[in-house]
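A.B. asks: Okay, here's the structure, questions in a sec.
Structural data, given as structure tokens:
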């Protein structure tokens, strides 16, 4: 685990009366229950997902028409 992230998490957890172990266990349980999702994507996929989310896409039909197919 990244030391900076670990230390910041421990500090925040302590301030809330928790331990790092508590936070990790809560996180693991939430992941298993489907309450959180972890997605790892490469840069191209991230850009494509951003394009889709922001409406910067055209339909397959419009693309074919633009290409003259």
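Numbering (this note's numbering), first residue to last: 290 to 358.
Idealized CB from N, CA, C, for every residue including glycine.
Report the residue from 290, 339, 346 whose alpha carbon sits nearest the alpha carbon of residue 310.
C.D. replies: Closest option to residue 310, Cα to Cα, is 290.
A.B. asks: Alpha helix (DSSP H) containing residue 294: first to last residue?
C.D. replies: Residue 294 -> alpha helix (DSSP H) spans 292-304.
A.B. asks: I need the DSSP call for residue 343, collapsed to helix, strand or coil.
C.D. replies: Reduced to three states, the DSSP call for residue 343 is coil.
A.B. asks: Taking the alpha-carbon of residue 324 as reference, which of 315, 350, 353, 334 has the nearest alpha-carbon?
C.D. replies: Selected option, being the one with the closest Cα: 315.
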